[in-house]
Structures are given as C-alpha cells and as structure tokens.
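Residue 29 is where the sequence shown starts when you use this note's numbering, and the numbers rise one by one after that.
Here a beta-carbon is modelled for each residue, glycine too, at the ideal position from N, C-alpha and C.
No experiment lies behind these values; they were computed from the predicted model shown.
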Amino acid sequence: MLRLAIQSKGRLNEESTALLREIGIDIDDSRRKFLAQAPNFPLEVLYMRDDDIPQVVSSGTAGLGIVGLNEVEERGFDVKVEKKLGFGGCRISLAVPKAVDYDGPQWFQGKRIATSYPGILKRWLQENDIQARIEVITGSVEIAPAADIADAIFDIVSSGGTLVSNGLREVEQVIFSEAVLISSGQLSAEEQATLDEILFRIDSAMVSRRKKYILMNLPEASVEEACRILPAMRSPTVMPLAAKGWCSMHSVVDEADLWDKIRQLKAIGAEGILVLNIDKIIP
Ligand code: PRT
Ligand code: ZN
Numbered sequence: 029m030l031r032l033a034i035q036s037k038g039r040l041n042e043e044s045t046a047l048l049r050e051i052g053i054d055i056d057d058s059r060r061k062f063l064a065q066a067p068n069f070p071l072e073v074l075y076m077r078d079d080d081i082p083q084v085v086s087s088g089t090a091g092l093g094i095v096g097l098n099e100v101e102e103r104g105f106d107v108k109v110e111k112k113l114g115f116g117g118c119r120i121s122l123a124v125p126k127a128v129d130y131d132g133p134q135w136f137q138g139k140r141i142a143t144s145y146p147g148i149l150k151r152w153l154q155e156n157d158i159q160a161r162i163e164v165i166t167g168s169v170e171i172a173p174a175a176d177i178a179d180a181i182f183d184i185v186s187s188g189g190t191l192v193s194n195g196l197r198e199v200e201q202v203i204f205s206e207a208v209l210i211s212s213g214q215l216s217a218e219e220q221a222t223l224d225e226i227l228f229r230i231d232s233a234m235v236s237r238r239k240k241y242i243l244m245n246l247p248e249a250s251v252e253e254a255c256r257i258l259p260a261m262r263s264p265t266v267m268p269l270a271a272k273g274w275c276s277m278h279s280v281v282d283e284a285d286l287w288d289k290i291r292q293l294k295a296i297g298a299e300g301i302l303v304l305n306i307d308k309i310i311p
C-alpha cells in the first residue's frame with residue numbers, strides 16, 4: 029500500500045488534507061492517528077513533523093510526502109520532487125538590524141548568523157566565499173539580534189511582518205520555497221500507477237483553480253468577435269436563444285483575465301453575464 033507522509037499539525041497540514049479531499053481521496057481526520065487509510069483510494073496517510081518527512085520518504089518508509097521545498101533542501105536526503113503544489117509559499121532570507129549599513133554579501137564576513145537552516149546557509153556562505161559563524165536555533169530566530177545571540181538571521185519570510193516587528197530588514201533572498209509532493213523515486217509498478225493517478229488529479233485540480241466558467245447572452249452579430257475574446261479550450265459553446273438575433277455563449281476563462289474579458293464582452297453587447305466556479309477540468 030502506497031504511503032503518503034504529511035505534516036501532522038502546522039502550516040502545511042490543513043492545505044495538504046484539503047488537497048487530498050479536492051482530488052477525491054477521503055481521509056478520516058476526526059480520529060486522526062499516526063496512520064490513516066483512505067477508504068476510497070489505495071493510499072495510507074502518515075502524520076508527522078515536517079522535519080522528518082524527507083527522511084522517511086528517502087528511506088522508503090513512506091513512498092510519498094508533502095513538505096516545504098525548504099525542508100527538502102535543508103535535509104539533503106535523496107528524494108524526487110514530483111510536483112510543486114502552489115501553497116505554503118515563502119522564501120528563506122538573510123536579515124540584518126534595520127540600522128545596519130548593509131553593502132552586499134561581504135557584510136556577513138566574520139559575523140554571527142542565527143538560523144534553523146544551517147545546511148542551506150552553509151552552502152550560500154561557501155558560494156559567496158564568506159566566513160561566518162552559524163548559530164543554530166530551532167525557534168524564534170528573529171529575536172536573536174536583539175538578544176545579542178547573533179548579528180543577523182537567516183529565516184523563513186512570507187509577508188515580512190515578523191522581520192519588521194523585530195526591527196530587522198531583509199537583505200538577501202536565498203531560496204524560494206512552496207509545498208511539494210516528493211517521492212522516494214523507488215516505487216513498485218503498482219505504487220507508480222497510484223502516483224500517476226494522484227499527479228493526474230492534482231493537475232486537473234490546479235488547472236481548474238485558476239479558471240472560471242463564464243456564460244452570457246450575446247447578439248448573434250457579435251459571436252465572431254466574442255470567440256476572439258474568449259478562445260476557450262477548443263472553442264466556446266454557442267446556443268440559440270428563443271429571442272431572435274440572440275444566442276447564449278459559454279466558455280472558460282483564466283481568473284487573472286476575467287475583468288478585462290468582461291469589459292471587452294460588455295462593449296460588444298454581452299448581457300446577463302454569469303461567472304461560475306469550476307470544480308474540475310479534465311483536459
Ligand atoms: O511541528 P512541525 O515541525 O511539523 O512544524 P514547524 O513548526 O517546523 O513548521 P511550520 O508549521 O511553522 O511551517 C511548515 C512549513 O510552512 C515551512 O517549512 C515552510 O515551508 C512553510 N511556510 C510558509 C512557513 C511560512 N510560510 C512562515 N511564514 N513557515 C514558517 N513561517 C514563519 C516565519 O519563520 C515567521 O517567523 O512564520 C512567521 C511569520 O512570517 P511572516 O514573514 O509572514 O511574518
Ligand atoms: Zn518542523
């Protein structure tokens with residue numbers, strides 16, 4: 029049975045379980061245990077701390093895992109990144125006290141840097157030919173400069189609010205991370221078929237997340253122009269209306285372009301425009 033390791037609690041837990049639900053894999057969360065079997069899919073979910081996920085996947089204890097790319101890079105275990113999942117986005121950055129006159133990476137020469145990511149930091153220091161002391165701290169890294177434990181920090185940043193409220197300034201963005209699906213790269217044929225099905229379902233869920241279904245009434249004379257505005261997957265669906273000279277047009281549009289397309293469609297006479305969420309798109 030293929031096993032998937034996910035974070036038991038923390039920032040990635042909720043979106044990992046939401047993704048499984050979205051791709052039709054039921055997991056009984058209510059009586060969450062160490063291990064839970066999906067009743068409707070050949071998958072077992074293993075709940076654990078995110079720090080341990082790269083190791084259990086690399087050793088084959090779990091064939092698959094969902095974890096931040098930052099943990100994969102830090103731990104250095106041999107795993108294969110199968111898919112970027114589009115959530116848990118962050119970066120790991122170097123930050124210095126606001127008042128420091130920072131003049132580039134060489135500023136770190138001889139300094140003390142606090143971090144929970146010594147592996148990634150060590151590589152960056154080597155690449156930039158910098159000798160610095162790494163102070164490994166597992167929590168609240170951002171208080172290290174004020175506590176005089178370090179001169180700078182290397183930590184996860186998403187909104188940047190934590191840095192600002194601790195009087196720190198981000199000066200180097202070293203890696204960008206998001207949640208990724210990883211595998212051991214050594215699955216049996218049966219497990220590989222299960223992974224292929226999971227990847228296929230994730231792709232369609234991710235495509236549909238960025239798309240909207242749009243339908244409207246349109247003067248027949250504007251159909252050609254509307255097809256140019258809304259290329260759709262193959263071509264838009266056009267159906268006649270009882271009212272003479274009018275039709276109904278249905279199509280799929282990228283959410284990013286939605287308001288621009290609506291403005292163009294209104295300009296050519298579209299009326300009664302409906303925009304709906306899409307549950308799944310199977311290409
Ligand atoms: O208990 P366990 O070991 O499983 O969890 P954990 O405490 O080690 O990790 P957790 O749940 O905090 O984070 C899991 C993963 O979420 C990380 O490994 C990253 O891949 C990802 N992630 C995304 C983040 C953030 N965004 C984030 N903002 N992890 C941590 N943070 C921290 C950041 O360090 C800062 O202190 O959140 C704080 C707020 O950030 P700002 O910049 O928005 O203020
Ligand atoms: Zn952790």
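Three or more C-beta pairs under 8 Å: does that hold for the stretch 278–285 against the stretch 228–245?
yes
Measuring CB atoms only, is the stretch 97–112 touching the stretch 160–167, in the sense that at least three cross pairs come out at less than 8 Å?
no
MET76, buried or exposed, once every other Cβ within 10 Å from all chains shown has been counted against 16
By the neighbour-count criterion, in which a residue is buried when 16 or more other Cβ atoms sit within 10 angstroms of its Cβ, MET76 is buried.
Distance, Cα to Cα, GLN201 vs GLY116?
Going by the C-alpha atoms only, they are around 16 Å apart.
Closer than 8 Å: is that where the CB of SER44 sits relative to any heavy atom of the ligand PRT?
no
For VAL208, I'd like the list of residues in its chain whose CB is within less than 8 Å of its CB, leaving aside the five on either flank, ordered along the chain.
ILE94, VAL95, GLY96, LEU97, VAL100, VAL109, GLU110, LYS111, LYS112, LEU113
Reference ARG238; option with closest CA among VAL84, ASP285, ILE177:
ASP285
Please list, in chain order, all residues of the same chain as GLY91 whose beta carbon is under 7 Å from its beta carbon, the five residues on each side excluded.
LEU30, ARG31, SER211, SER212, LEU215, GLU219
Best match in ALA172, PRO311, ALA233, ARG262 for proximity to THR143 [C-alpha to C-alpha]:
Selected option, being the one with the closest Cα: ALA172.
Do you know how far the Cα of LEU47 is from the Cα of VAL266?
34 Å
Closest by CA to CYS118, which one among PHE182, ALA295, SER86, VAL164?
PHE182
Between which residues of its own chain and VAL303 is the CB-CB distance below 6 Å, once the five residues before and five after are set aside?
Only residues of its own chain outside the window of five on either side were considered, and among them LYS240, ILE242 have a CB closer than 6 Å to the CB of VAL303, listed in chain order.
Give, in chain order, every unbroken run of the beta strand (DSSP E) that is at least 3 residues long and sits entirely within the stretch 42–66.
63–65
Where MET234 and GLN137 are concerned, what is the direct C-alpha to C-alpha distance, given to the nearest angstrom?
43 Å
How far does the beta strand (DSSP E) with ASP224 in it reach, from first residue to last?
No beta strand (DSSP E) contains ASP224, which is instead part of the alpha helix (DSSP H) from 217–237.
Does the beta-carbon of GLN35 have 16 or more other beta-carbons within 10 angstroms, so that it is buried, or is it exposed?
buried
By a C-beta neighbour count over all protein chains shown, 10 Å radius and 16 as the cutoff for buried, is THR166 buried or exposed?
So THR166 counts as exposed.
Less than 8 Å separating the Cβ of GLY38 from some heavy atom of the ligand ZN?
Indeed, a heavy atom of the ligand ZN lies less than 8 Å from the Cβ.
From the DSSP output, in three-state form, read off ASP282 for me.
ASP282: strand per DSSP, three-state reduction.
Three-state secondary structure (DSSP) of ARG262:
Here ARG262 sits in coil by DSSP.
Would you call ALA254 buried or exposed, if buried means 16 or more other Cβ atoms sit within 10 Å of its Cβ?
Under the 10 Å beta carbon count, ALA254 is surrounded by 16 or more other beta carbons and is classified as buried.
When you measure from the CB of ILE184 to every non-hydrogen atom of the ligand PRT, does any distance come out below 8 Å?
yes
Whole-angstrom distance between GLU283 and GLN134, CA atom to CA atom
43 Å
Whole angstroms are fine: how far does the CA of ILE230 sit from the CA of ASP56?
Put simply, the backbone Cα of ASP56 is about 20 Å away from that of ILE230.
Below 8 Å, is the gap between the Cβ of VAL280 and the nearest heavy atom of the ligand PRT?
no
Measure the alpha-carbon distance for VAL128 versus SER168 and round it to whole angstroms.
21 Å
Could you spell out where the alpha helix (DSSP H) holding PRO83 opens and where it closes?
The question names Pro, but residue 83 is Gln in the sequence shown. Its alpha helix (DSSP H) spans residues 81–86.
At which residues does the alpha helix (DSSP H) containing PRO146 begin and terminate?
146–155
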